[in-house]
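Chemist: Heads up, the sequence shown is in our numbering, so the first residue is 515 and it goes up one at a time.
All C-beta atoms in this analysis are idealised placements derived from N, C-alpha and C, irrespective of residue type, glycine included.
Mind looking over this structure? Questions follow.
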Amino acid sequence: MILHRLLLCVSALLLLVAAAVAQTATLPPDINKDSLARLPYLQRQTLDEAGQKIFDVLPGRSANGTLGGPLAFAAYNPAVAKALFDLHNAAVGGTLNAHVRELAILVACRETNYDLEWNAHEPSAVRAGIDAKVIDVVRVKAALTGVPEPDAAVIRFGRQMFTDKRVDSATFAKIVELYGQRGAMDIVAVMNTYAVSGFYAIAVDEQPAAGKPTLRSK
Numbered sequence: 515m516i517l518h519r520l521l522l523c524v525s526a527l528l529l530l531v532a533a534a535v536a537q538t539a540t541l542p543p544d545i546n547k548d549s550l551a552r553l554p555y556l557q558r559q560t561l562d563e564a565g566q567k568i569f570d571v572l573p574g575r576s577a578n579g580t581l582g583g584p585l586a587f588a589a590y591n592p593a594v595a596k597a598l599f600d601l602h603n604a605a606v607g608g609t610l611n612a613h614v615r616e617l618a619i620l621v622a623c624r625e626t627n628y629d630l631e632w633n634a635h636e637p638s639a640v641r642a643g644i645d646a647k648v649i650d651v652v653r654v655k656a657a658l659t660g661v662p663e664p665d666a667a668v669i670r671f672g673r674q675m676f677t678d679k680r681v682d683s684a685t686f687a688k689i690v691e692l693y694g695q696r697g698a699m700d701i702v703a704v705m706n707t708y709a710v711s712g713f714y715a716i717a718v719d720e721q722p723a724a725g726k727p728t729l730r731s732k
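Here is the structure:
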């Protein structure tokens, strides 16, 4: 039994190594192998005293003094990263319940092809009660036929903001009817907070971690 478990562990490890090697071999030539992006992860030691103080409160810090995660590239200007961190905390601390908030996050990630936060938040969305079929509708940008109206309204709202760049009157009225005026603006805040990090990922061509799915081919 112990030998069998050991063999399973070794097999799993070999699969992970093979996936990592395969990904490295197919990365674009301007991609850093550690950050999987066009820029290396920021190092604390390269910052001045003010920058280091900000670095020390940001999520994504590692034991070796580098910064990963959604603020990794915004932190090239530490004050901007801190402002985005504060904006994120304010946005997710608004009036939205977990179900609506997580759906809004997924919509923003999908509209910016933001793999890192999509992969982090998809399990959270499931835990918040979002149906797997609704998540798939967002993932593949499918028609909203059959999607419950409270979810469909959020998805439609985000698609119009990011893709159409115009929200029609009926869509806005439905969002206000369902979530109130403040709730409507909280949805905008949540979506745009995550979209900002998504745009950083677009700029540096951030790649998904080995073995993680990507939204780009959808």
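Between which two residues does the alpha helix (DSSP H) holding ALA634 run?
Modeler: Here the alpha helix (DSSP H) through ALA634 covers 629-641.
Chemist: Rounded to the nearest angstrom, how far is the Cβ of ARG670 from that of THR685, given a contact under 8 Å?
Modeler: Indeed, because the Cβ distance is near 5 Å, the residues count as touching under 8 Å.
Chemist: Pick helix, strand or coil for GLN557, following the three-state DSSP scheme.
Modeler: Looking at GLN557 - three-state DSSP - the assignment turns out to be strand.
Chemist: With respect to the alpha helix (DSSP H) encompassing PRO664, which residues constitute its N-terminal and C-terminal limits?
Modeler: Note, PRO664: alpha helix (DSSP H), 663-673.
Chemist: Can you give me the Cβ contacts of HIS635 inside the same chain, cut-off strictly under 8 Å, excluding the 5 residues immediately before and after it?
Modeler: Contacts found: GLU616, ILE619, LEU620 and CYS623.
Chemist: Check whether the stretch 637-647 and the stretch 589-603 are in contact - that is, three or more C-beta pairs closer than 8 Å.
Modeler: The stretch 637-647, when compared against the stretch 589-603, does not touch it at the 8 Å Cβ threshold.
Chemist: Could you check if SER711 is buried or exposed, using at least 16 other CB atoms within 10 Å of its CB as the buried criterion?
Modeler: Buried, by the Cβ-count rule.
Chemist: If I measure Cβ to Cβ from TYR714 and keep anything under 6 Å in the same chain, skipping five residues before and after, which residues do I get?
Modeler: Correct list, in chain order: PHE587 and ALA588.
Chemist: Report the rounded CA-to-CA distance for GLU631 versus VAL652, giving the unit in angstroms.
Modeler: Rounded to whole angstroms, GLU631 to VAL652 spans 14 Å at the Cα level.
Chemist: Does ARG680 come out as helix, strand or coil in the three-state DSSP assignment?
Modeler: Reduced to three states, the DSSP call for ARG680 is coil.
Chemist: Evaluate contact between the stretch 664-684 and the stretch 546-564, counting only Cβ atoms and requiring at least three cross-stretch pairs below 8 Å.
Modeler: Output reads no: the stretch 546-564 does not touch the stretch 664-684.
Chemist: I'd like to know whether the C-beta atoms of TYR468 and VAL606 end up nearer to each other than 8 Å.
Modeler: Given that the chain is displayed from residue 515 to residue 732, the structure contains no residue 468 and the question cannot be resolved.
Chemist: Is it buried or exposed for LEU541, if we count other Cβ within 10 angstroms and need 16 for buried?
Modeler: Exposed is the call here.
Chemist: Grab the span of the alpha helix (DSSP H) containing ASP600 for me, first residue to last.
Modeler: Unbroken alpha helix (DSSP H) run through ASP600: 592-606.
Chemist: Please report the straight-line C-alpha distance between VAL654 and ALA646, rounded to a whole angstrom.
Modeler: If I take the Cα positions, the gap works out to 12 Å.
Chemist: Pick out whichever of ARG730, SER549, ALA612 and THR707 has its Cα sitting closest to the Cα of LEU581.
Modeler: The candidate whose alpha carbon is nearest that of LEU581 is SER549.
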